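**Student:** Before anything else, here's the structure in question.
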Ligand code: SF4
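In this note's numbering, the protein residues as written are 1 to 735.
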């Protein structure tokens with residue numbers, strides 16, 4: 001047997017159809033000893049993927065011949081890797097002492113398809129009991145998917161929203177030829193969703209086929225991590241067209257799809273397996289998604305029009321057959337806005353000119369200078385630091401004065417030139433391609449968008465979307481049903497409005513955590529309001545933080561609206577606990593370091609983490625096991641009054657009469673709610689959340705909190721904190 005035959009045999013045994021696995025197992029079972037030794041011998045010539053498969057297959061056979069042969073290999077092979085693998089497999093076989101004769105009952109379920117699995121969706125909840133609030137949420141999801149409506153749901157941390165949304169959605173979809181798309185922006189949430197499906201399948205033998213879909217670029221085995229997405233798309237397209245991508249050439253998806261179906265793999269596991277089998281991971285995942293009951297994907301897979309078309313086309317699905325669950329939905333408006341956010345700076349123009357130094361590119365080079373000349377001419381009367389709105393036509397008119405071809409032709413030339421450059425060996429970026437993409441977008445719609453010219457030393461132009469419903473509405477309108485859910489989705493009407501969802505059910509669920517485990521305090525008499533800022537105020541805030549710190553036994557996190565304010569307060573702070581400070585541009589590893597320091601300090605009197613609102617330490621970080629016993633929010637992170645913010649306020653004033661709320665107040669309050677949510681992460685966590693700014697008691701801000709938030713107003717928060725941690729029988733206020 002040569003390595004290819006060995007590999008095929010092993011793959012059939014592991015991932016083949018029922019028939020393929022039965023016949024492969026039979027072949028090996030009945031094989032003469034020399035077949036086994038051939039198999040082992042083949043390992044010496046094989047690559048790592050083949051070795052791994054062969055070893056695992058031998059482990060599946062698990063009989064004495066494999067043990068004998070492998071024991072020999074474990075002692076005698078020249079390769080340390082093979083010796084190690086063989087020894088491990090022998091150990092496993094001896095421990096289990098089982099053989100594979102028939103595919104297991106659980107595996108048979110996978111081959112019976114959607115209908116059989118659908119019958120099993122009743123009662124597929126993956127945990128022992130349904131929590132408080134969870135049942136209500138599940139019932140609402142069930143009703144919404146049945147009626148084909150929309151649910152916008154504030155689902156507090158601890159309810160277990162992933163399982164609670166997935167179970168009823170699958171219960172309906174699998175009996176009604178629909179597909180669930182679970183959308184999330186975070187890899188950690190992809191994992192939670194996949195793990196939830198694994199639990200359901202394990203516990204109920206439900207045979208649910210889940211596919212974990214991340215971006216084509218993230219799944220691509222080539223070295224493309226640094227490219228802008230459109231640069232990558234050009235490169236990928238070129239490689240596919242000219243046949244230079246070895247992964248794309250391989251179209252034998254069958255075995256890999258079977259494996260994804262059988263094993264419910266995370267995206268990175270799919271990528272790894274596909275790389276070993278030399279097949280494009282993204283195309284394989286889409287192929288698998290054709291049969292999937294649930295697809296775990298990112299927001300842009302459905303909200304970017306081009307990507308949505310491609311995903312639906314490749315998976316053979318129609319938008320009206322989708323049940324869309326948007327997780328962490330408070331992020332969706334900004335994520336959709338980011339889909340249309342383009343800027344041309346002096347730097348991009350210079351880089352594009354310098355990459356086109358070859359004489360053949362002289363005409364393009366000269367036309368690129370037309371962009372620069374147009375921007376300079378438009379900004380000639382602006383002072384440094386000024387910004388103003390411009391129209392699409394203003395730029396095009398100015399450019400026309402110096403372009404050798406018309407605008408549309410120039411865009412095409414840039415894209416074509418960029419594509420050509422990206423085909424050059426070792427080139428991963430083309431600024432000409434970037435410019436082509438931005439100028440194409442510049443020609444887009446006017447309503448609900450803004451074009452801004454800035455003069456920050458050198459002029460720059462940007463084109464942004466203000467109203468995400470321009471993109472999102474058609475997705476929600478088209479889908480069979482949708483659920484937008486988050487632990488901080490108040491006020492819910494705003495999210496429905498921003499997404500263009502009409503007639504949605506808005507629902508707020510009760511936190512399952514005991515209310516006596518959480519104390520909420522607003523401190524009047526302090527503020528970061530611009531007109532009240534000054535040394536005296538910063539000292540007052542610093543002193544209050546110090547006083548609170550003395551009365552908290554464990555860790556504290558203090559979050560500020562900006563690094564500037566954080567540093568001003570830090571100058572006057574005096575805390576005995578170890579101070580940990582979040583800095584601009586920290587890497588993932590550095591942030592993990594901060595978490596580790598908090599964990600170390602937890603039982604040694606605690607530390608104080610200083611960070612910013614809207615940053616990753618105040619949003620999305622899970623401080624598990626009561627890692628924070630106190631969260632202090634200093635001030636309200638209202639946006640700077642930039643032209644873009646003014647335009648946003650003006651737009652929503654005209655559209656809904658809610659400009660200040662939707663463009664200014666509510667986004668800031670969402671940052672506050674996110675930070676507050678870092679404190680209590682489980683039903684056994686206890687903690688105090690202190691809001692240091694008198695404005696929080698104003699109705700304008702108070703209305704943004706969930707209904708079950710009951711605050712104490714106190715200028716001496718440290719006394720309440722002391723009692724909370726000292727007595728242990730706290731009763732929250734009822735009003
Ligand atoms: S076809 Fe697949 S593997 Fe090839 S470049 Fe594109 S994404 Fe990467």
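Even glycine gets a Cβ: it sits at the ideal position worked out from N, Cα and C.
Note that the structure is predicted; figures quoted are calculated from it, not measured.
1) Quick check on DSSP: helix, strand or coil for residue 559?
2) Taking 7 Å as the limit between beta carbons, can you name the residues of its chain near residue 158, skipping five residues before and five after?
3) Check whether the Cβ atoms of residue 373 and residue 364 sit closer than 7 Å, and answer yes or no.
4) Okay, do the stretch 137-145 and the stretch 162-173 touch, 3+ Cβ pairs below 8 Å being the bar?
5) Quick one: complete alpha helix (DSSP H) runs, 4+ long, within the stretch 684-712?
6) Can you name, in chain order, every residue of its own chain whose Cβ lies under 7 Å from the Cβ of residue 314, other than the five neighbours on each side?
7) Give, in chain order, every unbroken run of the alpha helix (DSSP H) that is at least 4 residues long and sits entirely within the stretch 425-464.
8) With a threshold of 6 Å (Cβ to nearest heavy atom), would residue 232 be considered close to the ligand SF4?
9) The beta strand (DSSP E) that contains residue 482, what's its start and end?
10) Quick check on residue 660: does DSSP put it in helix, strand or coil?
11) In the stretch 335-404, which residue ranges form an unbroken alpha helix (DSSP H) of at least 4 residues, counting only runs that do not cross its ends?
12) What are the uninterrupted segments assigned as alpha helix (DSSP H) that are 4 or more residues long and contained completely in the stretch 174-231, given in chain order?
13) The ligand SF4 and residue 240: does the residue's C-beta get closer than 6 Å to at least one heavy atom of that ligand?
14) Look at the alpha carbon of residue 727 and the alpha carbon of residue 573, and state the distance between them as a whole number of angstroms.
15) Is residue 423 helix, strand or coil when you go by DSSP?
16) For residue 417, which residues from the same chain have a beta carbon less than 6 Å from its beta carbon, with the 5 sequence-adjacent residues on both sides left out?
17) Straight-line CA distance for residue 283 to residue 190?
18) Are residue 325 and residue 182 close, meaning C-beta to C-beta below 7 Å?
19) Below 8 Å on the Cβ atoms is my contact criterion, and I expect residue 504 with residue 496 to pass it. Report the Cβ-Cβ distance as a whole number of Å.
20) Would you tell me roughly how many angstroms separate the C-alpha atoms of residue 521 and residue 553, rounded to the nearest one?
21) Given a threshold of 16 other Cβ atoms within 10 Å of its Cβ, counted over all protein chains shown, does residue 134 qualify as buried or as exposed?
22) How would you label residue 659, buried or exposed, when you count the other beta carbons within 10 angstroms and need 16 or more for buried?
23) Along the chain, where does the beta strand (DSSP E) that runs through residue 153 open and close?
24) Compute the Euclidean distance between the alpha carbons of residue 96 and residue 263, then round it to the nearest angstrom.
25) With DSSP run on the structure shown, which of helix, strand or coil describes residue 280?
26) Between the beta-carbon of residue 294 and the beta-carbon of residue 210, is there less than 7 Å?
27) Looking only at its chain, what residues have a beta carbon closer than 8 Å to the beta carbon of residue 455, apart from the 5 residues adjacent to it on each side?
28) Is residue 278 near the ligand SF4, going by C-beta to nearest heavy atom under 6 Å?
29) Under DSSP, the beta strand (DSSP E) around residue 322 begins and ends at which residues?
30) For the stretch 205-221 and the stretch 341-360, state whether three or more C-beta atom pairs, one from each stretch, are separated by less than 8 Å.
31) Give me the DSSP bridge partner(s) of residue 505.
32) Can you name, in chain order, every residue of its own chain whose Cβ lies under 7 Å from the Cβ of residue 422, other than the five neighbours on each side?
33) For residue 518, list the residues DSSP reports as bridge partners.
34) Mind listing, in chain order, the continuous alpha helix (DSSP H) runs of no fewer than 4 residues lying wholly within the stretch 238-284?
35) Tell me whether residue 274 counts as near the ligand ADP, meaning its Cβ is closer than 6 Å to at least one heavy atom of that ligand.
36) Evaluate residue 530 with the Cβ neighbour count: other Cβ atoms within 10 Å of its Cβ, from every protein chain shown; 16 or more gives buried, anything less gives exposed.
**Tutor:** According to the structure data:
1) Along the chain shown, one-based indexing puts residue 559 at 559. Correct three-state label for residue 559: strand.
2) Locating residue 158 in the chain shown gives position 158, counting from the first residue. For residue 158, where only same-chain residues beyond five positions count, the Cβ hits under 7 Å are 511, 512, 513, 682 and 683.
3) Translated into the one-based positions of the chain shown, residue 373 becomes position 373. Translated into the one-based positions of the chain shown, residue 364 becomes position 364. No; because the gap between Cβ atoms is not below 7 Å, this pair is not in contact.
4) Yes: at least three Cβ pairs fall under 8 Å.
5) 699-702
6) Along the chain shown, read from residue 1 onward, the residue named residue 314 stands at position 314. Correct list, in chain order: 286.
7) 431-442
8) Locating residue 232 in the chain shown gives position 232, counting from the first residue. No, the beta carbon of residue 232 sits no closer than 6 Å to any heavy atom of the ligand SF4.
9) The residue given as residue 482 occupies position 482 in the chain shown. It spans 481-486 - the beta strand (DSSP E) in which residue 482 sits, taken as one unbroken run.
10) Indexing the chain shown from 1 puts residue 660 at position 660. It is helical.
11) 346-355, 362-378 and 392-400
12) 187-204 and 216-219
13) The residue given as residue 240 occupies position 240 in the chain shown. The answer is yes for residue 240.
14) In the chain shown, counting from the first residue as 1, residue 727 sits at position 727. In the chain shown, counting from the first residue as 1, residue 573 sits at position 573. The alpha-carbon atoms of residue 727 and residue 573 are separated by roughly 28 Å.
15) In the chain shown, the residue the question calls residue 423 occupies position 423. The answer is helix: DSSP assigns residue 423 an H, G or I state.
16) In the chain shown, the residue the question calls residue 417 occupies position 417. The residues are 364 and 432.
17) One-based indexing of the chain shown puts residue 283 at position 283. One-based indexing of the chain shown puts residue 190 at position 190. Rounded to whole angstroms, residue 283 to residue 190 spans 19 Å at the Cα level.
18) In the chain shown, the residue the question calls residue 325 occupies position 325. In the chain shown, the residue the question calls residue 182 occupies position 182. Yes. Within cutoff.
19) Walking along the chain shown from the start, residue 504 turns up at place 504. Walking along the chain shown from the start, residue 496 turns up at place 496. Right, their Cβ atoms sit about 5 Å apart.
20) Within the chain shown, numbered from 1, the residue matching residue 521 stands at position 521. Within the chain shown, numbered from 1, the residue matching residue 553 stands at position 553. Across the structure, residue 521 and residue 553 are spaced so that their CA atoms are roughly 18 Å apart.
21) Along the chain shown, read from residue 1 onward, the residue named residue 134 stands at position 134. Its Cβ being crowded by 16 or more others within 10 Å, residue 134 is buried.
22) The residue given as residue 659 occupies position 659 in the chain shown. Looking at its Cβ environment, which holds 16 or more other Cβ atoms inside 10 Å, residue 659 is buried.
23) Position 153 of the chain shown, counted from the start, is the residue given in the question as residue 153. From DSSP, the beta strand (DSSP E) with residue 153 extends over 150-154.
24) The residue given as residue 96 occupies position 96 in the chain shown. The residue given as residue 263 occupies position 263 in the chain shown. In this prediction, residue 96 has a pLDDT of 46, which is less than 50 and means its spatial position is unreliable; nothing more can be read from the coordinates.
25) Here the question's residue 280 lines up with position 280 in the chain shown. Residue 280 falls in the coil class under three-state DSSP.
26) On the chain shown, position 294 is the one that residue 294 refers to. On the chain shown, position 210 is the one that residue 210 refers to. Cβ distance < 7 Å, so residue 294 and residue 210 count as in contact.
27) Here residue 455 is taken as the residue at index 455 of the chain shown, counted from 1. Taking residue 455 as the centre and dropping the five residues before and after it, the same chain places the C-beta of 379, 382, 383, 384, 385, 386 and 387 closer than 8 Å to its C-beta, in chain order.
28) In the chain shown, counting from the first residue as 1, residue 278 sits at position 278. Residue 278: no, Cβ never under 6 Å from the ligand SF4.
29) In the chain shown, the residue the question calls residue 322 occupies position 322. First-last of the beta strand (DSSP E) with residue 322: 322-326.
30) no
31) Counting from one through the chain shown, the residue named residue 505 turns up at place 505. The partner list for residue 505 (beta bridge, DSSP) reads 151.
32) For the purposes of this step, residue 422 is taken as the residue at position 422 of the chain shown. Same-chain partners within the cutoff: 231, 234, 235, 238, 430 and 433.
33) In the chain shown, the residue the question calls residue 518 occupies position 518. For residue 518, which the question treats as bridged, DSSP gives the partners 687.
34) 246-249, 254-263 and 267-276
35) Among the ligands in the structure shown, the ligand ADP does not appear; only the ligand SF4 can be found there.
36) As a position in the chain shown, residue 530 is number 530, starting the count at 1. Its Cβ having fewer than 16 others within 10 Å, residue 530 is exposed.
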